[in-house]
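As structure tokens, the structure follows; a few thoughts come after it.
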Amino acid sequence: MTESMHEFFLRVKALFHKRRMDRDMTDELEFHQAMLQSKLLKQGRSQADADSATRRAFGDPSRWHERLRELWQFRSLENLGRDVSFSLRVLRKSPGFTAVALITLALGVGANTTVFSMINGLLLRPLPVPESDRLAVMGIDMGRPDINYSFSEPLFRGLEHRQEVFSDVFAFDHTTLQVRANSGNENESGQFVSGEFFGALKTAPLLGRALTPEDDRKGGDPTGFGVVISESFWQRWFNRAPNVIGQKLQIDNTAFTVVGVMPKAFIGADPLQRPDLFIPLATEPALNGLRSMTTVGVHAWWLTVMGRLQPGATIEQANAQVGSASNAVIHQVPSDTRWMAQMEKGHSHFVAENGAAGFTYVRLLFRKPLAAVFAMCAGILLLACLNLASLLMARGAARQNELATRLALGATRRRLVQQLLVESLLVSLMGTASGLAIAPLVSRSLAAILLGGQFEMHVDTSLDIRVFAFAAIAAIVATLIVGLVPALQATSGRLNDHIKGGQHTTQAHERRSMLPRIMMAGEVGLALLLVVGAGLLASSLVRLYTSGAGFDPNGIQNISFSMDKEPLKGEALMQFYRQLGDGLRRQPTVTSVSFARIIPFTHFLWDEDLSAAGKSQDTYHNSVGPNYFHTMSIPILAGRDFSWSDTPSTGLKILLNQTAAKLLFPDRSPIGQTVTKRSDDKAVNYEVVGIVGDAKYEDLRSPAPPTAYVAMSQDEDELGSSYNAVVRVSGPAGPLAEAARSLAKKLDSGIPAPLTTSMSATVDDSLSTERLMAMLSVFFAACALIVTAVGLYGTLAYATARRTSEIGIRMALGARRGQVVAMVFLQNASVALAGTAAGLIAALLASRALASFLYGTSARDPWVFAGSILMLALIASAASLLPALRSARINPMTAIRCE
Amino acid sequence: MPETGELIQGTLEMLILKALQRGPLHGYSVAEWIQETSQQMLRVEEGALYPALHRMELRGLVKSKWGTSDNNRRAKFYTLTPEGQKRLDAESQRWARLSSAVAFVMQAT
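Protein chains in written order, with this note's numbering: chain Z, 1 to 899; chain X, 1001 to 1109.
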């Protein structure tokens, strides 16, 4: 122990006195030589004799020196430095190889880090609140395959105060609020939060106080409702005025008092939301009026419920406790028999899960696609590593003479392996670094595509400790795979033979070249797997787009008006929309205008039970204005369209789509017949006046459901008074949004600025997952093809270069050029064939995992499989043909002479 | 290093320590002393002597100091440290045991 300490200090000292140490060593040896000489002279030997005797005893002084100096050095450290500079020189000497290596690795590591940081932002990153690991998310197991994470208000209130294991239980939901400004209402993002929300999240407000259970009571406190605002809202609306506490805000036409400001870091418990206003859950009935979810009671599933564990309680205890409390809570809430039957059928019970990362429903949507994309990424990284390893191996084979020479000169095998490892470490470090550099940029755009229409969401994909740890592990694994195999390979066996034999030791290297060929075959197989996956996802996406929506989305612009908070009703409301419609139609490029309550593919659903002649059918509903079908290019197959003269007093009219007409009236024409809408205990009769073509409703994946259309001019405003203008334009839609804004303002200054989106963007957004997966998989597949082509080309080119003289001899002995080309080409063809076979089997087994993402496409679609194999074959042939053709140009004479 | 290096190296270090027990010496005198004392039977190769001396210095068994030799030249003198003395004692005991053991075996009939 002390000896090694002593050694360490002396070596450190030696590091700083290098020059003096060198001089001392020289002096010491010269002194010895001088003494030896004078002794020999004294013994009567001649000067020349003494000189040569001394030289014999000492040998080469510089080697001496080297040996002594090495004693005083930190050997591993200085060797490392030498290895690094040597490796850099080697890499710089072959820029092509280095570039390929860097790009492949950057791609592999970059892709993985990107997708991992998405997964991290969506699933793993803990909420930025103190002790987030003590939070739990609650759900209801209703005996269905998936746990339901939405609660109704009565159910939550039943749970709120049963808290043996929880110190706080809270609920929240995201909403858009209209805040009154001088210039009119503005939409702001907000959250309804229950009383213990802030207590559970344990974040101190920047100013004022947080909301408490006192605020979350019907009627609020005597001074009215309290609202807590975010720091950014404080900045935007109050310019950070310190006297903001106590200020009044008109939110959804209700007076609120600002009681506190939360710091910027606080985002609530949904990691994807950035709410600006937190208002008590108890104000929901007052704000939403007729559309209140609280009033609907047990049938409205809308709240996310979370809790903070008591100190010492575990999540397992919490789960057990809420589970056993389920029955009591379920039976205690005010409900009806239908609900109770539904709950009892599935033996419904509450569950509690770890909620450190908060909760967002988006997670449930994207968990599977992200896992699939992650698997693709891992495939690409593995492919990159395999490719690099086989390239390095091929290079190692080409460098065998160099390595053998170095071994002969006294380098140990360990030193050589170390140097080769340093070489691959450098490559993978640089590759990883560039991958990491591009990752945040790419993941931001990925998040943008994935969240598509949900423009109010934010995925925090910034790099954190988990992403770095992941990238580091990816880099280390890559380095080890890439570096160790070829390093061991290149230095194994009797390298001495290589110096002696040069290029002729075919026997030995034939066997050794099996490993790179197996790796290349694996790479080909992996590439095929990725290409097949991409082919399946892409053809599914194309089928989705060409499947037809039943209407023509191109050229349609939707303008949504938030009218629910306006006092307009009935005839006056219709008058407003008619004026709006007339104004829009006067815009230059507009060819047709109508209105609809629900825009297809926006995840809004409205269904009712319709019955006719004893048949009852659950039917999707929409409420539309006159001219809707013409505007959307949905054909009217029989009967007539609605008109503004269809008013509540002229008898209720309804239009059915083909599917609904066939289901309700299988044997006769529905025109003029009566259908009955039943809800709870009411029955309303409608006269069918027309049949229209089928149009898809929820998304492109699902076939057009049975749908009924009612006239907006006869709608009872039960679902609010907000409609979307549906506008068909020919040419650019640019000025339309501005025109809509000024029109709305002119008609009623209280309406918040309407939002304009194009129908094709809505279609794209509704397919965001499919688009993302298809785009990524096609990108990965293209990369895989390129990487594989480079690998096949590179390994074959190296292998052929080593056989130059052999080929020369063959040609000198009469082999024709065609034979040589075939010989070299077949070397790769067998590899590609074996890889394709393996990849085909793997693809057949693995493609089933994609089945749930595919639309109208079999997971074993023969065209996709055939196309993928063909494409791979073409690329592999091209990559193999180049070296083969080059080998045919070998001049036998120069090839043999160059030995 | 050849396989037998350990023994030779260990023995050489013991001999060097023994030589230095009499007082500070430079490398040349160490080699000369061993050669003379062993009746010219042991010759210390220069190629082994200096690495051994430097290694022992690194481990703290000897100390070095630059001084002037008999013929007025700058020379590096090595001195035994207390550690070195301890090592020498241990090594001599080990050597005595080993050589007598070998002698017993070789004298057996």
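C-beta atoms are modelled at their ideal positions from N, C-alpha and C, and glycine is treated no differently.
The alpha-carbon separation between Ala797 of chain Z and Phe470 of chain Z amounts to approximately 35 Å. Annotation for Arg701 of chain Z: Leu544, Tyr855 place their beta carbon closer than 7 Å to its own, counting only its chain and skipping 5 residues before and after.
Neighbours of Leu1025 of chain X in chain Z, taken as residues at a C-beta separation under 8 Å, are lacking, since the least C-beta distance is about 12 Å. Using a CB distance cut-off of 8 Å, Ala1075 of chain X counts as an interface residue toward chain Z. In terms of Cα proximity to Asn182 of chain Z, the closest of Z:Ile599, Z:Gln587, Z:Ser749, Z:Ser760 is Z:Ser749.
DSSP places Ala136 of chain Z in no alpha helix (DSSP H) but in the uninterrupted beta strand (DSSP E) bounded by 135 to 141. For the 8 Å CB-CB criterion, Met1056 of chain X and Glu1013 of chain X form a contact.
Of the candidates Z:Ala48, Z:Ile556, Z:Asp607, Z:Asp715, Z:Ile556 places its Cα closest to the Cα of Thr762 of chain Z.
In the three-state DSSP reduction, Thr314 of chain Z falls in the coil class, being neither helix nor strand. Annotation for Trp1066 of chain X: the continuous beta strand (DSSP E) segment containing it runs 1062 to 1068.
Here Leu392 of chain Z is buried. Its C-beta has 16 or more other C-beta atoms within 10 Å. Under the three-state reduction of DSSP, Arg1097 of chain X is assigned to helix. Distances from the CA of Val787 of chain Z to each of Z:Gln575, Z:Ser594, Z:Leu528 were compared; the closest alpha carbon is that of Z:Leu528.
In the three-state scheme derived from DSSP, where H, G and I count as helix and E and B as strand, Gly208 of chain Z is classed as strand. Contact of Ala475 of chain Z with chain X is not assigned, every C-beta pair being separated by 8 Å or more. At a cut-off of 8 Å between beta carbons, Pro1082 of chain X makes no contact with chain Z.
A direct Cα-to-Cα measurement between Asp564 of chain Z and Ala478 of chain Z gives close to 57 Å.
What Phe58 of chain Z touches in chain X, judged by beta-carbon distance under 9 Å, is Glu1046, Gly1047, going in chain order. For Ala255 of chain Z, the beta-bridge partners assigned by DSSP are Z:Gln250. No Cβ of chain X is located within less than 8 Å of the beta carbon of Asp460 of chain Z. One thing to note: Phe172 of chain Z has its Cβ no nearer than 8 Å to the Cβ of Phe198 of chain Z. When secondary structure is reduced to three states using DSSP, Asp168 of chain Z falls in the strand class. As far as DSSP is concerned, Asn288 of chain Z takes part in no beta bridge. Counted as a single uninterrupted DSSP element, the beta strand (DSSP E) harbouring Met306 of chain Z occupies residues 304 to 309.
Taking a cut-off of 8 Å for Cβ pairs, the segment 669 to 676 of chain Z and the segment 605 to 622 of chain Z touch, as three or more such pairs fall below it. Exclusion of the five residues before and after Arg848 of chain Z leaves Ala859 as the residues of its chain whose Cβ lies within less than 7 Å of its Cβ. Against chain Z, a Cβ distance below 9 Å from Gly1067 of chain X picks out nothing, because the smallest value is about 11 Å.
For the pair Thr257 of chain Z and Val227 of chain Z, the CB atoms are nearer than the 8 Å cut-off. In this structure the segment 260 to 272 of chain Z does not lie against the segment 309 to 329 of chain Z, because fewer than three pairs of beta carbons, one per stretch, are closer than 8 Å. At least 8 Å separates the beta-carbon of Tyr620 of chain Z from that of Asp609 of chain Z. Contacts between Leu1058 of chain X and chain Z, judged by CB atoms closer than 8 Å, involve His6, Glu7, Leu10, Arg11, Leu71, Trp72 in chain order. Distance between Tyr1078 of chain X and His1026 of chain X, taken at the CA atoms: about 6 Å.
Ser1100 of chain X sits exposed, since fewer than 16 C-beta atoms from the chains shown fall within 10 Å of its C-beta. Within chain Z, the C-beta atoms nearer than 8 Å to that of Arg1055 of chain X come from Leu71, in chain order. DSSP places Met520 of chain Z in the helix class (H, G or I) of the three-state scheme. At the C-beta level, Ala356 of chain Z and Pro128 of chain Z stay beyond 8 Å of one another.
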